[in-house]
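Undergrad:
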């Protein structure tokens, strides 16, 4: 494959100085093994089989390391648990016997591919413009979330142990480990592992699954709004109606690749509709004249016209504002457009149309709740203006003639939680305010529009998690970052969520040096890519951190010239 290193020229053990070769070689092998889960669990056997292959891959690397570095030894470990019908599994590698334990935590499952057109499981390299500079990228599902970082974590761990071989006694004071979660994108095994094994918690755990670095994560809410067909008058048979409105199967934390509407009705009306649909879409008065709607594809299939909108930009559910700035959410574009056609009496209203009208009224094309700021918009001193509560419209589920549901991925800030922040570090206890908020929202919708009653169910996954800017572990990460990059490490407040949420012994840091989830990285999206320079520099930072923990002396692999000592707190 073009640009890939020849595996015959790169051994399984660490090769000091060729970080990118090792990263590309090993991550490519992991990308080929599909580890995404269908929402109905129908591909679970395939996922588990591929995770076993990945475990065997790392065990082979462990054995190779142990054979070549006899002064120190890695050992493997794993844990499996079950609660009702959910299974949990973590595994990893460990060295040392010290009471202080430092863990690098990654995950090996991924979100679904979206579609196969971009060849998500065919790893390849290409150059992309990244922060204004042409940069080598490794492309494939999991390259940045989180298989590429998993490879980097293991490589950093291996290199730290190799340096410890000169004085193996240092491992009597510190235990180092790499821990792999197998279900972070769905059920999160790592929290279950630590809950079942409190003695296994690290003194310091680096969740290597986001940006450098994270001091706060928003809370998560997952509401589902439903319109029943019985609550809306049936349209006359001589009208065009929306006969299906849906998105492909996928996880709620991922803006879908497409949204689709199927329009049916009398042939003569369908003919005219098909001819004019593109003109109507082009002139649709979205709530923002600068809004860039999703690309549209229209086909005439026998007795129906099919309208498909396609995603562009970031696809992570935690960043709908980035998606809106750099692309489009297909759910948002399609439903706002269909509501416009209903207003024009081009389409008759039914329960699907009522859902479109509600979406446009409640959210429009906005991501921060600007249409109803008294209920939906919040920001604060931790999650500032432009980084407040977000609403990612991610799932349309059409139950044929019965009802239609909308799933939303909400990442919320302090003002939407039942309790304020008292300044103490960690997750804020309790539930969100969204039950009350949505009651008011729906009542307002009925009052202002005369629309149908909309039901909802909502669940607070967890509240916001906040760390002090003077947190000792963040300070330690800042020193490692600064030693390699020459600047203080940013401390991000993000949509989350990571395995560090609610666990003070864990800090999320790396692997990206940007908080932009859109192009060219496309986090959770089509054409997901990992900037190899970010992965390499992340590895160097982790290696510095681990060697500092071990107390080994070495020449650091700095990416920065002109470094000067930091004498202050990270900022």
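In the numbering used here, the protein residues as written are 938 to 1508.
Glycine is no exception: its CB is placed at the ideal position from the N, C-alpha and C atoms.
Report the residue from 1362, 1368, 1343, 1138 whose alpha carbon sits nearest the alpha carbon of residue 1526.
TA: Nothing can be reported for residue 1526, as the shown portion of the chain is limited to 938 through 1508.
Undergrad: If residue 1097 sits next to residue 1113, beta carbons under 8 Å apart, how far is it from one beta carbon to the other, in whole angstroms?
TA: About 6 Å separates the two Cβ atoms, so the contact holds.
Undergrad: Terminal residues of the continuous beta strand (DSSP E) containing residue 1349?
TA: Here the beta strand (DSSP E) through residue 1349 covers 1340-1349.
Undergrad: Is the beta carbon of residue 1332 sitting closer than 8 Å to the one on residue 1194?
TA: The answer is no: Cβ separation not under 8 Å.
Undergrad: Can you tell me whether residue 1053 is buried or exposed? The criterion is at least 16 other CB atoms within 10 Å of its CB, across all chains shown.
TA: The residue is exposed, with fewer than 16 neighbouring Cβ atoms inside 10 Å.
Undergrad: Give the DSSP-derived three-state secondary structure of residue 1304 in the structure shown.
TA: Reduced to three states, the DSSP call for residue 1304 is coil.
Undergrad: Between which residues of its own chain and residue 1443 is the CB-CB distance below 6 Å, once the five residues before and five after are set aside?
TA: Excluding positions up to five away in sequence, the list reads 1142, 1144, 1437.
Undergrad: CB-CB under 8 Å to residue 1224, same chain, minus the five flanking residues each way: which ones, in chain order?
TA: The residues are 1273, 1297, 1301, 1302, 1303, 1308.
Undergrad: Around the C-beta of residue 1014, are 16 or more other C-beta atoms found within 10 angstroms, so that it is buried, or is it exposed?
TA: It is exposed - the Cβ of residue 1014 has fewer than 16 other Cβ atoms within 10 Å.
Undergrad: If you follow the alpha helix (DSSP H) that residue 1126 is part of, which residue opens it and which one closes it?
TA: 1126-1133 is the span of the alpha helix (DSSP H), which, as asked, contains residue 1126.
Undergrad: Can you tell me which of the three DSSP states residue 1352 falls into?
TA: DSSP places residue 1352 in helix when its eight states are reduced to three.
Undergrad: Using DSSP bridges, identify the partner residues of residue 1444.
TA: The partner list for residue 1444 (beta bridge, DSSP) reads 1143.
Undergrad: Output yes or no for whether 8 Å exceeds the beta carbon distance between residue 1330 and residue 1243.
TA: Going by C-beta atoms, residue 1330 is not nearer than 8 Å to residue 1243.
Undergrad: Should residue 1164 be labelled buried (16 or more other beta-carbon atoms within 10 Å of its own) or exposed?
TA: Burial call: buried.
Undergrad: Nearest to residue 992 by alpha carbon, out of 1004, 979, 1016, 974?
TA: Answer by Cα proximity: 1016.
Undergrad: Based on DSSP bridge pairs, tell me the residues matched to residue 1027.
TA: Note: residue 1027 sits in a beta bridge opposite 1016, 1118.
Undergrad: Name the DSSP bridge partner or partners of residue 1061?
TA: According to DSSP, residue 1061 bridges with 1076.
Undergrad: What three-state label does DSSP hand residue 1171 in the structure shown?
TA: DSSP places residue 1171 in coil when its eight states are reduced to three.
Undergrad: For residue 1040, which residues of its own chain have a beta-carbon under 6 Å away from its beta-carbon, when the five flanking residues on both sides are left out?
TA: So the list reads 1114, 1116, 1139, 1142, once near-sequence residues are dropped.
Undergrad: Using CA coordinates, which residue listed in 1292, 1236, 1008 is at the minimum distance from residue 1276?
TA: Taking only the C-alpha atoms, the option nearest residue 1276 is 1292.
Undergrad: Any idea what DSSP makes of residue 1228, helix, strand or coil?
TA: Residue 1228: coil per DSSP, three-state reduction.
Undergrad: Which partner residues does residue 1066 have in the DSSP bridge list?
TA: According to DSSP, residue 1066 bridges with 1071.
Undergrad: Could I get the ranges of all uninterrupted alpha helix (DSSP H) runs contained in the region 1277-1326, with 4 residues as the minimum, in chain order?
TA: Qualifying alpha helix (DSSP H) stretches, in chain order: 1288-1299, 1310-1313.
Undergrad: Taking DSSP's pairing of strands, which residues face residue 1165 in a bridge?
TA: The partner list for residue 1165 (beta bridge, DSSP) reads 1340.
Undergrad: Rounded to the nearest angstrom, what separates residue 1063 and residue 1178 at their Cα positions?
TA: One C-alpha to the other measures close to 45 Å.
Undergrad: Please state whether the Cβ-Cβ distance between residue 1091 and residue 969 is less than 8 Å.
TA: No, Cβ-Cβ distance for residue 1091 and residue 969 is not below 8 Å.
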